[in-house]
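Here's the structure, in structure tokens; my notes come after.
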DNA sequence: CTGTATAAACTAACATGTTAGTCAACATGA
DNA sequence: TCATGTTGACTAACATGTTAGTTTATACAG
């Protein structure tokens, strides 16, 4: 069991975020955890965070409470808080929940989409094609995120995006470890195109099937990862 | 706009709950809000709650932060906290999210169920039949809850139940206003039986269809409610 | 009587002091 | 060497003090 502390120099200053102090601290910590600048097992010390960010323990405590609720940290009462280890069980569950929400969303969007929404989707996918052509992986990753966010936005349910993000935080963190595989972005693009095609034709079943296939590509890659980096996975 | 305070005498003592003080306060407040003992629009005063429950502002603040996150209270920064009004938008969204999770769950359970799980489901539904026969509405309500909780438990995903509960809290609160309609529990029972039959036959599509039909019965009844009790719905 | 400025009261948010539970280091005995 | 008991440092949880933003009541001008 490693007992290393987190390295607070990896925290972005809270001036970079908006909202209450607690909210900013939360965002700063979440970013550090998801980007793996805080490694699993590292001890989260309130004192260091307070010092680095220049705030008192109150907002830090509230931030940690939220992270605990999301499963990104493990709090041992009266003792310590650590960055949560990866857990294949959590990741599998997160994938399942995420898929449940994505499938319901895509079916609704395929049914109810407007022409304007269709145009936006089409535009996004054409942008993706450009980015793949240019080999701009970072840009493609962002456009990919936007693609899924856009679909959820089109359902008209504002909390959906938030809930989907929350349930799959562990998956998001695991994705950070996936190196860009040659040819994968091309496949991803084709999968996105298939989804958009089904939405264009207003065919909910086809859209669901295309989305199911798309999302199904992720888990095997994460499972391969667990073999290579067992140090990041829970040893309980 | 009513400016009534909450009536803290409706709060159960925290001795009735388990966990940290913050957790107990959270549960006590949630119970009062969901059971409509705290009415929409009522001002939540920390001072009164602290006095009634015999705790300081810290655990109360943490509890309110969680309730705010779940949408059960509206916090106006630096000003006041109120019990959230009902919102048809929130309820529709909650129903959508709940259905997404229930449909994914029932499909998985129909595929993967064990004989032991099948026996438990069958037992629960036969219990429901007895309770309907006896006209025990409270008992039937509880068995109904257990039925859905059981299905989610059988997926093997431990957080699922928690997430499903969280996304549909507004729906749960609205259900409290639905008077037991004559004959409805009989219908509900038949719908549950149809679901269990499909699970027995390990037919995911049929199970989903039965579940979809079952869940589809709720929204129309809530919509009728919004007409009768406009005072509880948001007037923004 | 009405619109507006102002101040006082109230509250969430934040800071800081205190308590009590946990855990690891160390000592003691087998 | 190893099991076990004790102690002390450390931390989350809780209590309380302080700050700053919002709302509302009130005074005053038009």
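Chains as they are written, first to last, in this note's numbering: chain U, 64 to 299; chain C, 64 to 299.
Think of the CB as a built atom: it goes at the ideal place given N, C-alpha and C, for glycine as much as any other residue.
Below-9 Å beta-carbon distance, residue i vs any chain C residue
i: residue 102(U); result: no
i: residue 64(U); result: For residue 64(U), the pLDDT reaches just 43, beneath the cut-off of 50, and the residue's location in the model is therefore unreliable, although a value from the coordinates is still provided. With 9 Å as the cut-off, residue 64(U) does not count as an interface residue toward chain C.
i: residue 283(U); result: no
i: residue 160(U); result: yes
i: residue 218(U); result: yes
i: residue 267(U); result: no
i: residue 150(U); result: no
i: residue 122(U); result: no
i: residue 278(U); result: no
i: residue 168(U); result: yes
i: residue 286(U); result: no
Status (buried if at least 16 other CB within 10 Å, exposed otherwise) for residue i
i: residue 215(C); result: buried
i: residue 168(U); result: buried
i: residue 104(C); result: buried
i: residue 166(C); result: buried
i: residue 139(C); result: exposed
i: residue 171(C); result: buried
i: residue 78(C); result: exposed
i: residue 277(U); result: buried
i: residue 218(C); result: buried
i: residue 303(U); result: This structure leaves residue 303(U) out entirely; chain U is present only between 64 and 299.
i: residue 68(C); result: exposed
i: residue 242(C); result: exposed
i: residue 82(C); result: exposed
i: residue 231(C); result: buried
i: residue 248(C); result: buried
i: residue 158(U); result: buried
i: residue 153(U); result: buried
i: residue 292(C); result: exposed
Interface flag, residue i vs chain U, CB-CB below 9 Å
i: residue 144(C); result: no
i: residue 134(C); result: yes
i: residue 67(C); result: no
i: residue 243(C); result: no
i: residue 235(C); result: no
i: residue 228(C); result: no
i: residue 83(C); result: yes
i: residue 79(C); result: no
i: residue 137(C); result: no
i: residue 164(C); result: yes
i: residue 140(C); result: yes
i: residue 222(C); result: yes
i: residue 153(C); result: yes
i: residue 87(C); result: no
i: residue 109(C); result: no
i: residue 176(C); result: no
i: residue 125(C); result: yes
i: residue 173(C); result: no
Reduced DSSP secondary structure (H/G/I, E/B, other) of residue i
i: residue 294(C); result: helix
i: residue 197(C); result: helix
i: residue 260(C); result: helix
i: residue 65(C); result: Note on residue 65(C): pLDDT 49, under 50, position unreliable in the model; the coordinate value appears next. Residue 65(C): coil per DSSP, three-state reduction.
i: residue 72(U); result: helix
_If we require 3 or more residues per run, which beta strand (DSSP E) segments fall completely within the region 108-193 of chain C?_
Correct list: 136-139 and 143-146.
*Taking 8 Å as the threshold, find out whether the region 127-147 of chain C comes into contact with the region 86-94 of chain C through three or more Cβ pairs.*
yes
*Counting pairs of Cβ atoms below 8 Å between the region 225-241 of chain U and the region 175-193 of chain U, do you hit three or more?*
no
*Unbroken alpha helix (DSSP H) runs of length 4 or more, entirely within the region 199-254 of chain U: which are they?*
200-217, 221-230 and 232-238
*Examine the Cβ distances between the region 204-218 of chain U and the region 172-188 of chain U and report whether three or more of them are shorter than 8 Å.*
Using a C-beta cut-off of 8 Å, the region 204-218 of chain U makes contact with the region 172-188 of chain U, since at least three inter-stretch Cβ pairs fall below that distance.
*Pairing CB atoms from the region 172-181 of chain U with CB atoms from the region 140-148 of chain U, are three or more of them under 8 Å?*
Taking 8 Å as the limit for Cβ pairs, the verdict is that the region 140-148 of chain U does not touch the region 172-181 of chain U.
*So, do the region 197-206 of chain U and the region 195-204 of chain C have three or more beta carbon pairs nearer to each other than 8 Å?*
no
*Does the region 251-265 of chain U touch the region 110-119 of chain U, meaning 3 or more C-beta pairs lie closer than 8 Å?*
no
*On the three-pair Cβ rule with 8 Å, is the region 235-252 of chain U touching the region 281-294 of chain U?*
yes
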